[in-house]
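Residue 39 is where the sequence shown starts when you use my numbering, and the numbers rise one by one after that.
All C-beta atoms in this analysis are idealised placements derived from N, C-alpha and C, irrespective of residue type, glycine included.
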Amino acid sequence: MTTSSNPPNSVTPDQTSGMWGGRFSEATDAFVAEFTASVQFDQRFYKQDIAGSIAHATMLAKVGVLTEAERDDIIEGLSTIRSEIEAGTFEWRIDLEDVHMNIESRLTQRIGITGKKLHTGRSRNDQVATDIRLYLRDEIDDILKLLERLQKGLLGLAAKNVNTIMPGFTHLQTAQPVTFGHHLLAWFEMLVRDSERLQDCRKRVNRLPLGSAALAGTTYPIDRAYTAELLGFEAVCENSLDAVSDRDFAIEFNAAASLIMMHLSRMSEELILWTSAQFKFVNIPDRFCTGSSIMPQKKNPDVPELIRGKSGRVFGDLISLLTLMKGQPLAYNKDNQEDKEPLFDAIDTVRGSLMAFADMIPALVPNIEIMREAALRGFSTATDLADYLVKKGVAFRDAHEIVGKAVALGVAEEKDLSELSLEQLQQFSDLITADVFDKALTLEASVNARDHIGGTSPKQVEAAIARAHTRLEQLYA
Ligand code: ARG
């Protein structure tokens, strides 16, 4: 488009280069227009874009840059556009590049030249930074709700399994008996830290870039604190160059999302093992599983497998954003348009995964007898026997040696320590007496003995669950 033949204040009939046509002597190449566009994916934050524009117009009217009538026309126009978008009647145009210009162009089409005043004292650079922050803040709040639901589900299942005993593993080899409730509380703790991390990240997301304009601020007498207040931001970004350019808050979110996925992936891995025919510790109800098209007997733990797999893409999203950012000089560069898809993908993936877990956890059915059977194998009470000897005055290293020999006998005879006779045990130490079976070699004795904060005893797990409920209330207050 050549320099405008339209009179000042006109509504450009061809909106194609209407936003910047003044300087250009030919229209954007069709392929370039499509290649540089982001409307295909940034239309997802139309609501935040409109909310940001309404706040901006309200502020401009407050400081006298717009009249109240102009402000009202803009707000009404934008509200109608929001309805059009939600009704599916809004025509998204790729030639208008992004969500911002699509909405602004439609506003001008609807309300005339007042629409052209909305962009006063603003740039798409501070506009898009504001939109992403508003959008991410909303998503963080939703994700926190999902985390809370999953955590409550874990506490519910743990409460039912305070006394359920299973083998605890190190190196995936039987180590010591633990209660299933205790194991579930380990998962709970991971999610507490995930929630704290997200809440901490939210503080840095919740600052207002608007007012930074393109990079240096604006010549209008703007009131940024007022705009921040209207949009519920805790504070304004202090430096305009920084505000329009950095996406560290999105990187931080993706890091927090990666840690959530890492935790869900570890939980998934355990569920996959536990539901196998070799473990059979837990049943996942059929509605969370699928079968095989060839092997009639199969019931596959698809949901945990998929979540374990999806963790990889969120880690990838984090690396994408870090790499996107690292070479950029101040201030805004078009590179930053690439921030959206990895952020959206991480949001969608973590949401879906948490939703699946929150639904699945309360539905898990532990096979209590099978877990117990498994804990009786693998010499899980060997440490307890050593501790028994220590309490009778043997030095721990010597006790370790004595029990090692008893285990070797058990291996040879294919018997657990509790299945060896008293005489057999006494070959290794005459300090072993008949009370060893009750005091050291039962599963209950073993778990009950770990009776301190953080320990696996049913009494401690019960207390930990009670504390966890209080901590949840504080976490989500
Ligand atoms: N669509 C752009 C983005 O996502 C909006 C900002 C464009 N700013 C610019 N100076 N070209 O980053």
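Less than 8 Å separating the beta-carbons of residue i and residue j?
i	j	result
Phe83	Tyr173	yes
Ala251	Gly159	yes
Ser3	Leu427	It is not possible to answer for residue 3, since the shown part of the chain is limited to 39 through 515.
Ala444	Phe466	yes
Leu98	Ile119	no
Ser303	Ile345	yes
Thr168	Ile112	no
Lys348	Met305	no
Leu469	Val432	yes
Leu184	Arg389	yes
Asp383	Asp355	yes
Gly249	Ile260	yes
Arg240	Arg175	yes
Trp225	Leu182	no
Thr212	Val485	no
Val341	Ala295	no
Lys337	Gly329	yes
So the alpha helix (DSSP H) residue i belongs to, where does it begin and stop?
i	result
Ile112	106-125
Asn140	137-149
Tyr283	Here residue 283 is Ser; the residue named in the question, Tyr, does not match the sequence. 278-283 is the extent of the alpha helix (DSSP H) around Ser283.
Ile406	406-414
Ala478	It is not in any alpha helix (DSSP H) - Ala478 carries neither H nor E in the DSSP assignment.
Leu423	420-429
Asn292	286-312
Thr328	Neither: Thr328 is in no alpha helix (DSSP H) and is coded neither H nor E.
Phe73	68-74
Ala263	262-269
His94	84-100
Arg435	434-451
Leu513	496-513
Val352	340-364
Glu461	460-464
Val77	77-80
Give me the Cβ distance between residue i and residue j, rounded to the nearest whole Å; I'm assuming they're in contact under 8 Å.
i	j	result
Asp164	Val352	With a Cβ gap of about 28 Å, Asp164 and Val352 do not count as contacting.
Leu195	Leu402	6 Å
Leu481	Ile203	5 Å
Val200	Glu500	5 Å
His301	Met398	15 Å between Cβ atoms; not a contact.
Arg245	Glu272	6 Å
Ala89	Thr265	Actually they do not touch by this definition, with Cβ atoms about 11 Å apart.
Thr419	Pro215	7 Å
Asn405	Lys497	That belief does not hold up - the Cβ atoms of Asn405 and Lys497 are roughly 24 Å apart, past 8 Å.
Asp80	Asp136	5 Å
Tell me which same chain residues have a C-beta within less than 7 Å of the C-beta of residue i, skipping the five on either side of it?
i	result
Pro45	With a pLDDT of only 46 at Pro45, under 50, the local geometry of the prediction cannot be trusted, and the value read off the model is given with reservation. None.
Asp454	Leu414, Arg415, Phe417, Gly448
Pro339	Leu309, Ile310, Thr313, Ile322, Cys327
Leu279	Leu253, Leu368, Ala369
Ser121	none
Ser43	Residue placement at Ser43 cannot be trusted, given a pLDDT of 46 that sits under 50; what the coordinates show is reported in the next sentence. The answer is none, since no qualifying residue turns up.
Thr96	Arg109, Leu268
Pro400	Gly191, Gly194, Leu195
Val103	Thr158, Gly159, Tyr258
Phe475	Ser456
Excluding the 5 residues preceding and the 5 following residue i in the sequence, name in chain order all residues of the same chain whose CB lies nearer than 8 Å to its CB.
i	result
Leu359	Arg285, Ala288, Ile289, Asn292, Asp377, Pro380, Leu381
Arg509	Val230
Ile132	Ala71, Glu72, Ala75, Val77, Gln78
Ala487	Asp422, Asp425, Ser495
Thr257	Gly159
Thr519	Limits of the chain in this structure are 39 at one end and 515 at the other, which puts residue 519 out of reach.
Asp489	Ser495, Lys497, Gln498
In chain order, what residues of the same chain lie with their CB nearer than 6 Å to the CB of residue i, ignoring the 5 residues before and after it?
i	result
Arg148	Gly115
Gly255	Ser278
Gly219	Ala196, Asn199, Val200, Val499
Arg171	Val243
Leu223	Ala196, Ala502
Thr41	The predicted model places Thr41 with a pLDDT of 41, which falls under 50 and marks its position as unreliable; any figure quoted below should be read in that light. Answer for Thr41: no residue qualifies.
Gln86	Asp169, Leu172, Tyr173
Gln38	Here the chain covers residues 39 to 515 and nothing more, so residue 38 does not appear.
Ile491	none
Within 8 Å of any Cβ in chain D, is that where the Cβ of residue i sits?
i	result
Ser391	Included in the structure is just one protein chain, with no chain D present.
Discussion item. My parser needs the beta strand (DSSP E) runs of 3 or more residues fully inside the segment 208-256; what are they?
Written reply: Counting only runs of 3 or more, we get 211-217.
Practice prompt. Starting from the N-terminal side, write out each stretch of the alpha helix (DSSP H) that is 4 residues or longer and does not extend beyond the segment 372-401.
Written response: Within the segment 372-401, the alpha helix (DSSP H) runs of at least 4 residues that lie entirely inside it are, in chain order, 378-398.
Item to complete: Output the residue ranges of the beta strand (DSSP E) runs that lie fully inside the segment 144-208 and measure 3 residues or longer, sorted by chain position.
Response: Within the segment 144-208, the complete beta strand (DSSP E) runs of at least 3 residues fall at 203-208.
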